[in-house]
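Structure, as structure tokens:
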Amino acid sequence: MPVPHRKLQPGKLVIASHNEGKVREIRALLAPYGIEPVSAASLGIPEPDETGTTFFANAELKARFSADLSGLVALADDSGLCVDALGGDPGVYTANWAETPEGTRDWNLAMRKVEEALAAKGPEAGRDAHFVCVLSLCWPDGHVESFEGRAEGTLTWPPRGTIGFGYDPMFVPLGREQSFAELDPAEKQAISHRADAFKKLVAAVL
């Protein structure tokens, strides 16, 4: 017998991310539901080591970490770009591909790595890709609910647009001609992997 979903009550909720782009998108998605989002960074909560090997494991790890330290319900996102011709890479290691020797993240570097890896496969390599997002909610008592969303598309080069973040400038969603970084934020939110996961979260807990 399936366990019933736990309903999320209005009030404060920690967004367990230091990525301002993600925080902005999640805050906009939560706005209609009486939730008061606060970022982990604003509470001084550090980023935990992402030791999971799946999007679900990392999202739940981050949500538990922020819920434990804040005593509030926490929402974490783990998401990434999966390229078919690269066997699903960069996948859960999406952010790692952006790491620089100085310890910062350079998304232009990450996009170049993806393009170079595709070029090494030869002209016959396909450019199909998808974004995955897992949203995990964790309550202070350890109860967790997780939801997965996807956005299908293809990769373009050179990158186009300045509105998005991460790999958005090289990802063209299915049925569109503009990259995620060229779309109006409201339009991107309507079709993104994060929006897909959020619809499932809303249906279950809000």
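Be aware that the sequence shown starts at 248, since it is given in our numbering, and climbs by one per residue. From the three backbone atoms N, C-alpha and C, an ideal C-beta is built for every residue, glycine too. What you are looking at is a predicted structure, and each value in this text was computed from that prediction instead of being measured.
Check whether the Cβ atoms of alanine 263 and alanine 345 lie closer than 7 Å to each other. no
By how many angstroms is the C-alpha of glutamate 399 removed from the C-alpha of phenylalanine 427? 12 Å
Does DSSP put serine 326 in a helix, in a strand, or in coil? strand
Under the three-state reduction of DSSP, which class applies to arginine 359: helix, strand or coil? helix
Return the CA-CA distance between glutamate 267 and asparagine 355, expressed in angstroms with no decimal places. 17 Å
Quick one: what does DSSP say alanine 398 is sitting in, helix, strand or coil? strand
Cβ atoms of valine 261 and serine 317: under 7 Å apart, would you say? yes
Suppose you measure from the CA of lysine 360 to the CA of aspartate 331; what does that come to, to the nearest Å? 15 Å
Taking phenylalanine 427 as part of the beta strand (DSSP E), name the residues at either end of that continuous run. Here phenylalanine 427 belongs to no beta strand (DSSP E), and DSSP marks it neither H nor E.
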